[in-house]
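As structure tokens, the structure follows; a few thoughts come after it.
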Amino acid sequence: MSSAKIAFNEPATLPPPVPGYILSAPPFSIPTSAFYAALDMRVQITIGAIYVATVITLNTYNRSNGNKSWKIGKTKAFFWFVVAHNVFLAVYSGWTFQGLMRAVYRMISSGSEGIAGTVDSLSKMHGEAGHGLGNAIAYNATVSKWISENPSTFSTLLSATGTRGSTDIGRLWNEGLAFYGWIFYVSKFYEVVDTAIIIAKGKRCPTLQTYHHAGAIMCMWSLWIAYNSGIYTIMLSVPIPRALKKGLTIMQIIQFLVGASYAALNFSIAYTLPIQVPSPKSSSTALTYDTEYQTVLCINTSGEMFAIWFNVLYLTPLIVLFVRFFVKSYFQ
970 MSSAKIAFNE PATLPPPVPG YILSAPPFSI PTSAFYAALD MRVQITIGAI
1020 YVATVITLNT YNRSNGNKSW KIGKTKAFFW FVVAHNVFLA VYSGWTFQGL
1070 MRAVYRMISS GSEGIAGTVD SLSKMHGEAG HGLGNAIAYN ATVSKWISEN
1120 PSTFSTLLSA TGTRGSTDIG RLWNEGLAFY GWIFYVSKFY EVVDTAIIIA
1170 KGKRCPTLQT YHHAGAIMCM WSLWIAYNSG IYTIMLSVPI PRALKKGLTI
1220 MQIIQFLVGA SYAALNFSIA YTLPIQVPSP KSSSTALTYD TEYQTVLCIN
1270 TSGEMFAIWF NVLYLTPLIV LFVRFFVKSY FQ
């Protein structure tokens, strides 16, 4: 998923299913050109660099101006814009949360293989869960092809061009991550408006927020955005008394710990799959298969490995910054 945003020698990301084509298809289409353009690494680096440079410049300006509010920051129009901005993000975050949680529910409930089946569904995002444990489609970088561990159903999960289909159901990508995940990633570009609001009020944009937004642009596309969007829905939907803000900050720190742990676990978790291999008893006219049990890893490609490491490396300093903010805000 995240690996698709980096220029590795791997297959192109599959866009979300067409609306109405399958029961769990998204409510509207994302133009293919926009889908791929937003994933260009140059877009992320350019916007991220411009954002950081702009924040540094305007922080310096506000400090030289005595941190006084800008004229626009004192207007009623600005006040109502901030209200509309927060309402929009609250509604959007809630929509994303419910969409991804429904996708996770469909993905898990469509299988019946217990913990191993759940791990398989979370780590192997393409194919159909209904085909059973071990029948997902995964890209093999060694042979540069999409493969299945179960050749007897291999052809049913691939299109005529040898790629995974956009109408497969029961796996996380088509069930919602491709659609909600991409929009959530793009929303990180819009969320720099938060910083613009702080600057317009004459305040200094803290290092925590600058790092958070710049890093989110680079790597905010994975399953744990369901938790992230849930937290943001709470933050933006209701006024939070100061007494409860401490607990909300703890929840934010926990979400980053969960995200980093979830990402890192992909390096260490392995599970057993029933693999179908050609039987030595096969005849020249009829190929038959025997079932063997083999241990497989969650990670298939170097792009997936890079994306996971990148998220972990981004989240580690972010957690430190949030903990420092927590200590300064509530214990000093």
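Residue numbering for the sequence shown follows the working numbering, beginning at 970 and increasing consecutively.
Don't be surprised by glycine CBs; every beta carbon is placed ideally from N, CA and C.
Measure the alpha-carbon distance for Leu1058 versus Asp1163 and round it to whole angstroms. Across the structure, Leu1058 and Asp1163 are spaced so that their CA atoms are roughly 10 angstroms apart.
Is it buried or exposed for Pro1286, if we count other Cβ within 10 angstroms and need 16 for buried? With a threshold of 16 other beta carbon atoms within 10 Å, Pro1286 falls short and is exposed.
By the 10 Å Cβ neighbour count, where 16 or more other Cβ atoms means buried, how is Gly1216 classified, buried or exposed? Residue environment analysis places Gly1216 among the exposed positions, since fewer than 16 neighbouring C-beta atoms fall within 10 angstroms of its C-beta.
Should Leu1282 and Tyr1180 be called a contact, given that it needs their Cβ atoms to be closer than 8 angstroms? Taking 8 angstroms as the Cβ cut-off, Leu1282 and Tyr1180 do not qualify as a contacting pair.
Roughly how many whole angstroms lie between the Cα atoms of Pro921 and His1182? Residue 921 lies beyond the stretch modelled for the chain, which goes from 970 to 1301, so this question has no answer here.
Under 8 angstroms: do the stretch 1036-1044 and the stretch 1146-1158 share three or more Cβ pairs, one atom per stretch? The stretch 1036-1044, when compared against the stretch 1146-1158, does not touch it at the 8 angstroms Cβ threshold.
Given this structure, state the Cα-to-Cα distance separating Asn1280 from Lys1093, to the nearest angstrom. Taking the straight line joining both Cα atoms gives about 19 angstroms.
Three-state secondary structure (DSSP) at Ala1110? Ala1110 carries a coil assignment under DSSP once its states are collapsed to helix, strand and coil.
So what does DSSP say about Val1161, is it helix, strand or coil? DSSP places Val1161 outside both helix and strand once states are collapsed to three, so it counts as coil.
Would you mind reading off the limits of the alpha helix (DSSP H) that contains Leu1282? Counting along the chain, the alpha helix (DSSP H) containing Leu1282 begins and ends at Ser1271 to Tyr1299.
Counting only the same chain and skipping the five closest in sequence on each side, list residues whose C-beta sits under 6 angstroms from that of Leu1266. In its chain, beyond the 5 residues on either side, Ala1239 have a beta carbon closer than 6 angstroms to the beta carbon of Leu1266.
Sub-8 angstroms separation of Leu1141 and Ala1072 beta-carbons: Result yes, Cβ atoms of Leu1141 and Ala1072 sit closer than 8 angstroms.
Three-way DSSP call (helix, strand, coil) for Trp1115 in this model: It is a strand residue.
Give me the Cβ distance between His1095 and Ile1106, rounded to the nearest whole Å; I'm assuming they're in contact under 8 angstroms. Confirmed, about 5 angstroms.
So, with DSSP's three-state summary, where would you put Ile1167? Ile1167: helix per DSSP, three-state reduction.
Sequence ranges, alpha helix (DSSP H) only - wholly within the stretch 997-1076, length at least 4: Segments of the alpha helix (DSSP H) lying fully in the stretch 997-1076: 1001-1007 and 1010-1033.
Measuring CB to CB, does Ser1248 end up less than 8 angstroms from Tyr1262? For Ser1248 and Tyr1262, no; Cβs fall outside 8 angstroms.
If we ignore side chains and look at the alpha-carbon of each, how far apart do Ile1168 and Thr1029 end up? Taking the straight line joining both Cα atoms gives about 11 angstroms.
Among residues of its own chain, excluding the 5 on either side of Thr1001, which ones have a beta-carbon nearer than 8 angstroms to its beta-carbon? Result list for Thr1001: Pro984, in chain order.
With distances taken from CA atoms, which of Val1052, Ser1113 and Ser1038 is nearest Ser1271? Of Val1052, Ser1113 and Ser1038, the residue nearest in Cα terms is Ser1113.
Cut-off 6 angstroms between Cβ atoms - residues of its own chain near Thr1130, not counting five sequence neighbours on either side: Caution is warranted here: a pLDDT of 48 is assigned to Thr1130, below 50, making its placement in the model unreliable, and no coordinate value can be reported.
Alpha-carbon spacing of Tyr1231 relative to Val1246, whole angstroms: Taking the straight line from one Cα to the other gives about 32 angstroms.
So what's Ile947 in DSSP terms, helix, strand or just coil? Outside the modelled stretch of the chain, which goes from 970 to 1301, sits residue 947, for which no answer is possible.
Would you check if the distance between the CB atom of Ile1186 and the CB atom of Ile1016 is smaller than 8 angstroms? Against a cut-off of 8 angstroms, the Cβ pair of Ile1016 and Ile1186 comes out as a contact.
Between the alpha carbons of Met1010 and Leu1146, how many angstroms are there, rounded? Those two C-alpha atoms are separated by around 19 angstroms.
Which of helix, strand or coil does DSSP assign to Leu983? Leu983: coil per DSSP, three-state reduction.
Any heavy atom of the ligand ATP closer than 7 angstroms to the beta-carbon of Ile1014? With respect to small molecules bound, the structure shown includes none, and the ligand ATP cannot be examined in it.
Note down, in chain order, each residue of its chain lying with its Cβ closer than 7 angstroms to the Cβ of Phe1294, except the 5 sequence neighbours on either side. Here Phe1294 has Leu1177 as same chain residues with Cβ atoms under 7 angstroms from its own Cβ, once five neighbours each way along the sequence are excluded.
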